[in-house]
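Trainee: Just dropping this structure here.
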Amino acid sequence: MEEYINEIRKILQLPKIEDCQNVLCVQPHPDDGDISSGATIAKLTSLGKKVTYLFVTDGSAGINGKSRSKTAKIRKNEEINAAKMLGVRDLIWLDHPDAGEYSVSNLKSEIIEVVRKLKPDLIMTVDPFLPYEFHPDHISTGIATAQAALFYNNSIVKAVDKDYDPYALRAIAFFFTAFPNQFVCVDDQWETKFQAIFEHKSQINPETFKLYRKYFDIKGKFYGEKIGCKYAEGFKVLIPEMFHAFAENLWI
Ligand SMILES: [Zn+2]
8 MEEYINEIRK ILQLPKIEDC QNVLCVQPHP DDGDISSGAT IAKLTSLGKK
58 VTYLFVTDGS AGINGKSRSK TAKIRKNEEI NAAKMLGVRD LIWLDHPDAG
108 EYSVSNLKSE IIEVVRKLKP DLIMTVDPFL PYEFHPDHIS TGIATAQAAL
158 FYNNSIVKAV DKDYDPYALR AIAFFFTAFP NQFVCVDDQW ETKFQAIFEH
208 KSQINPETFK LYRKYFDIKG KFYGEKIGCK YAEGFKVLIP EMFHAFAENL
258 WI
C-alpha cells in the first residue's frame, strides 16, 4: 500500500504551500484562519506573498445574549485587528448568517466569483471531512470551496463574464484537518499566531486562551518534529484534479 501511494504521490507533485504566491483563505467565521493557520499566514505574508481572507459568515451567532448585528460588528473589528497582526489587509465578507440558512450551491457560485477575480494559486479552507465536525458553517464552507476549486474555470456551471481569463489553480490546503500531509515550519511565527488569536476577545476568554495555548503548543511540537522544526502547522494539500472520482485522497 505504502509503495503504491508513494508512486501516486510522485506523479501528482503536490506544490509546497510556501511556494505559492497568491493565497485565498476561505473561512466559515472570523477567527478560523487565525486559530488554525495563523502562523503559516504570518509566514506567507512575511515572504511577500499576497494573502486574502474571505469570510462566509458574519460571525453573528458568536456572542450569547447580544443581537446578531452588534456581534457581527464586534467580530469584524476583532478580525481586522487579528489579520493586521498576520500581515493580511484584504478581507472580503459574504455576510451569510452565522449558524443560519444559506445554500451550499449558491455559496459555491459566490466563491467561484471571488476566485475568478483574484486568481489565487493556492486556496486554503476548512476540511469538511474532519471526523465528528458538526458545525454546519464549517462543513458547508469546506464543501462549497472544494466545489468552487473543481468548477472555477467551467463556464457552464457558472457563467463566465467576458473579461475572464481561465487560469490554473495549483492546490487547496485544508486546515482543521485530521489527515495532514504537509507541515509548515513556523518557529519564527509561533508567538504572532497567539497575538492574533488573542484579538478575538469576544470568543476566547483568558481561561480558554490558556487552554488553546497548551493545546496548540502540544500539536505544533508534534507536527514540528516531523520536519525538524520546533513548531509546525499541518494541512491536507490536494490538487483540484483529485476532487472527483479519485480514490486515494485519504492516504495521499
Ligand atoms: Zn468557525
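When you read off a place in the sequence shown, starting at 1, and then add 7, the result is the number in my numbering. We put the CB at the ideal spot given by N, CA and C, even for glycine.
1) Should H103 be counted as a contact of ligand 1 given a C-beta to heavy atom distance under 8 Å?
2) Can you check whether the CB of I81 is closer than 9 Å to the CB of Y219?
3) Check whether the region 119-126 and the region 165-184 are in contact - that is, three or more C-beta pairs closer than 8 Å.
4) Would you check if the distance between the CB atom of A156 and the CB atom of F62 is smaller than 9 Å?
5) Keeping to the same chain, check which residues put their C-beta closer than 7 Å to that of K208; ignore five residues upstream and five downstream.
6) Tell me whether E108 is buried or exposed, calling it buried when 16 or more other Cβ atoms sit within 10 Å of its Cβ.
7) Give the straight-line distance between the Cα atoms of P187 and Q154, rounded to the nearest whole angstrom.
8) Which residues mark the beginning and the end of the beta strand (DSSP E) in which E117 is found?
9) Taking 8 Å as the limit between beta carbons, can you name the residues of its chain near I259, skipping five residues before and five after?
10) Report the partner residues of I264 according to the DSSP bridge assignment.
11) Compute every distance between the C-beta of H143 and the non-hydrogen atoms of ligand 1, then say whether any falls below 8 Å.
12) Quick check on this structure: which residue in N29, T64, D97, K91 has the alpha carbon closest to the alpha carbon of Q202?
13) DSSP three-state label for F223, please.
14) May I have the straight-line CA-CA distance separating N88 from K226, to the nearest angstrom?
15) Quick one: Cα of E9 to Cα of N256, how far?
16) With D41 as the anchor, note down where its alpha helix (DSSP H) starts and where it stops.
17) Check whether the region 21-34 touches the region 50-62, counting contact only when three or more Cβ pairs, one atom from each stretch, lie closer than 8 Å.
18) Drop a sphere of 10 angstroms on the beta-carbon of A180, count the other beta-carbons inside from all chains shown, and report buried for 16 or more, exposed for fewer.
19) Between the C-alpha atoms of K200 and A239, what's the straight-line distance to the nearest angstrom?
20) Tell me whether R177 is buried or exposed, calling it buried when 16 or more other Cβ atoms sit within 10 Å of its Cβ.
21) Is the beta carbon of V111 within less than 8 Å of some heavy atom of ligand 1?
22) Using the rule of at least 16 other Cβ atoms within 10 Å of the residue's Cβ for burial, across every protein chain shown, is E198 buried or exposed?
23) Taking 8 Å as the limit between beta carbons, can you name the residues of its chain near A106, skipping five residues before and five after?
24) Using 10 angstroms around the beta-carbon of D134, count the other beta-carbons present and answer buried if the total reaches 16, otherwise exposed.
25) What residue range does the alpha helix (DSSP H) around T148 cover?
26) Pull up the distance between the alpha-carbon of K115 and that of T152, whole angstroms please.
Mentor: So, from the listed chains and residues:
1) Result no, Cβ not under 8 Å from ligand 1.
2) No, these two residues do not count as a Cβ contact at 9 Å.
3) The region 119-126 is in contact with the region 165-184.
4) Against a cut-off of 9 Å, the Cβ pair of F62 and A156 comes out as no contact.
5) Answer for K208: E85, listed in chain order.
6) Residue burial annotation: E108 is exposed, with fewer than 16 other C-beta atoms found within 10 angstroms of its C-beta.
7) Looking at the two C-alpha atoms, the distance is approximately 20 Å.
8) Following the DSSP letters along the chain, one finds E117 in no beta strand (DSSP E) but inside the alpha helix (DSSP H) bounded by residues 111-125.
9) The beta carbon of I259 sits closer than 8 Å to the beta carbons of I12, I15, R16, L19, L21, N188, L245, M249 from its chain, once the five residues preceding and following it are set aside; these are given in chain order.
10) The structure shown has nothing for residue 264, since the chain only spans 8 to 259.
11) It should be pointed out that residue 143 corresponds to Pro in this sequence rather than to His. P143: no, Cβ never under 8 Å from ligand 1.
12) Q202 has its Cα closest to that of K91, out of N29, T64, D97, K91.
13) Here F223 sits in helix by DSSP.
14) If I take the Cα positions, the gap works out to 25 Å.
15) Distance between the alpha carbons of E9 and N256: 13 Å.
16) Segment 39-53, the alpha helix (DSSP H) holding D41.
17) With the rule of 3 Cβ pairs closer than 8 Å, the region 21-34 counts as touching the region 50-62.
18) Burial is judged here by how many other beta carbons sit within 10 angstroms of a residue's own beta carbon; A180 has at least 16 and is buried.
19) About 12 Å.
20) Classification for R177: buried.
21) No, ligand 1 has no heavy atom inside 8 Å of this Cβ.
22) Answer is exposed; the Cβ neighbour count stays below 16.
23) If we look at A106 and ignore the five residues flanking it on each side, its Cβ neighbours are T64, A68, H142, P143, D144.
24) D134 comes out buried.
25) Per DSSP, T148 is one residue of the alpha helix (DSSP H) stretching across 143-158.
26) Those two C-alpha atoms are separated by around 6 Å.
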